[in-house]
Every structure is written in structure tokens, then in C-alpha cells.
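Numbering (UniProt numbering), first residue to last: 1 to 111.
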Amino acid sequence: MPYKEKEIEKQYYTIGEVASMFGVAASLIRFWETEFEELKPKKNKKGNRLFTPSDIETLRTIHHLLKDRGYTIQGARELLKNKSVQTKDKVEMIQSLEKVRAFLVKMKKQL
């Protein structure tokens, strides 16, 4: 049985890395941090924000609600407080469906 090396996953991401993941400015990420209680990145001694993978998932949900679904900040805040588990599940399902769609479109182009 061949040896399969584990994929290395980062534990902390800087605000610049997170902003580039979502295609937004770092200032918007800082603004969302003040608006949403669920988003609490760690800060190092210098005060730099360090985002964990769970923070990234929370940001992904916030980004989806605000940018893709068109919610207001107040509406997204209420939805996250009331139905955070359901909302995260829906976002994950939409993301997986988008990946499948992209794969199918790629396959169609190859044919």
C-alpha cells in the first residue's frame, strides 16, 4: 500500500489572505468583524488579526448572505443569530453545487 502524505492545512490566516480569498478589501473584513458577534479572530501581540478555519467558514456565510443573497447587515445578523446551523448548511450545499456545476461546465467544454 503506497504512502499517502497528508495535506498540510494552515491553522491561521492573515487578514490579507482572507480578503484575497473572498475578493474584498481588508477594510471590509474589519468592518464585518465589528458588525457580527460570531466573527472574533485572534490577535497577536502586534494586533494583527489571525483567522482560523472556523472564522473563514463564518466569513464565507456572511459573504454569501451579504454579497450573493443581497441581505442587509441587520438581516444577515438576525439570520445568523436565529438559524446559524441551517444557514451554514445551506451555504455549504450551495458551494458544493457550484463546484459540481463548474466541473460539469468544464467537462462540457472538453467534449
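Glycine is no exception: its CB is placed at the ideal position from the N, C-alpha and C atoms. Here the structure is a predicted model, which is why all the values come from computation and not from measurement.
Starting from residue i and walking both ways along the beta strand (DSSP E), at which residues does that stretch end?
i   : result
R69 : That residue, R69, is in no beta strand (DSSP E); it is neither H nor E in DSSP.
How should residue i be labelled, buried or exposed, when 16 other C-beta atoms within 10 angstroms of its C-beta is the threshold for buried?
i           : result
I29         : buried
T18         : Contrary to the premise, residue 18 reads as Val rather than Thr in this sequence. So V18 ends up on the buried side.
residue 119 : Coverage of the chain is limited to positions 1 through 111, which leaves residue 119 absent and any answer about it impossible.
L59         : buried
Note down, in chain order, each residue of its chain lying with its Cβ closer than 6 Å to the Cβ of residue i, except the 5 sequence neighbours on either side.
i   : result
V91 : T61 and H64
I73 : E35
Please list, in chain order, all residues of the same chain as residue i whose beta carbon is under 7 Å from its beta carbon, the five residues on each side excluded.
i   : result
A26 : I15, G16 and A19
N44 : L50
R69 : none
L24 : It is worth fixing the name first, because residue 24 is Val in this sequence and not Leu. Contacts found: none.
Tell me which residues share the same chain as residue i and place their Cβ nearer than 8 Å to its Cβ, disregarding the 5 neighbours each side in the sequence.
i   : result
T87 : T61, L65, L79 and L80
Quiz prompt | At least three beta-carbon pairs within less than 8 Å, the region 47-61 to the region 12-23 | solution = Look at the beta carbons and you see the region 47-61 touching the region 12-23: at least three pairs across the two are nearer than 8 Å.
Quiz item: Can at least three beta-carbon pairs, one atom from the region 35-45 and one from the region 75-83, be found at a separation below 8 Å?
Solution: yes
Quiz item: For the UniProt domain "HTH merR-type" (12-82), which segments carrying the beta strand (DSSP E) assignment without a break, of at least 3 residues, lie completely within its bounds, in sequence order?
Solution: 49-51
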